[in-house]
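*Asks:* Number 91 marks the last residue of the sequence shown (our numbering); no jumps.
Ideal placement from N, C-alpha and C gives every residue a C-beta, glycine not left out.
Just so you know, these numbers come straight off a predicted model, no measurement behind them.
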Amino acid sequence: MAGQTMFIVTAFSAGKRGKLVGQPPVQARDEGHARRTAERLSARYVGVIATACEVDAEAESWGEPVVLASYGDVPEMAG
13 MAGQTMFIVT AFSAGKRGKL VGQPPVQARD EGHARRTAER LSARYVGVIA
63 TACEVDAEAE SWGEPVVLAS YGDVPEMAG
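Written out as structure tokens, the structure is:
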């Protein structure tokens with residue numbers, strides 16, 4: 013089975029001593045929805061990031077995430 017693209021938006025709030033605290037991720041329908049959701053959430057959180065990732069559920073594998081939009085303070089992505 014071919015993989016599909018998942019679009020995920022994650023917001024971050026400020027924790028103790030400036031540590032970023034991730035909020036539960038939100039799955040978006042498509043790239044445009046992910047970008048709009050990230051922009052909307054950026055008004056309420058110190059940081060928001062929208063990513064896209066290729067997923068093959070059958071093989072249980074995830075590709076490297078691609079940043080679609082980033083607002084404010086977000087953690088660096090390992091890569």
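1) Suppose you measure from the CA of Arg-41 to the CA of Glu-66; what does that come to, to the nearest Å?
2) In the DSSP assignment, find the unbroken beta strand (DSSP E) run with Gly-59 in it and report its ends.
3) Among residues of its own chain, excluding the 5 on either side of Ser-54, which ones have a beta-carbon nearer than 7 angstroms to its beta-carbon?
4) Please identify the residue among Tyr-57, Glu-76, Leu-80, Glu-88 whose C-alpha is closest to the C-alpha of Gln-35.
5) Can you tell which of Val-78, Ala-50, Gly-75 has the C-alpha that lies nearest to the C-alpha of Phe-24?
6) Is it buried or exposed, Thr-17, if we count other Cβ atoms within 10 angstroms and call 16 or more buried?
7) Could you give the distance in angstroms between the alpha-carbon of Gly-30 and the alpha-carbon of Ala-46?
*Replies:* Result, derived from the coordinates:
1) 14 angstroms
2) 59-68
3) Val-60, Tyr-83, Gly-84
4) Tyr-57
5) Ala-50
6) exposed
7) 26 angstroms
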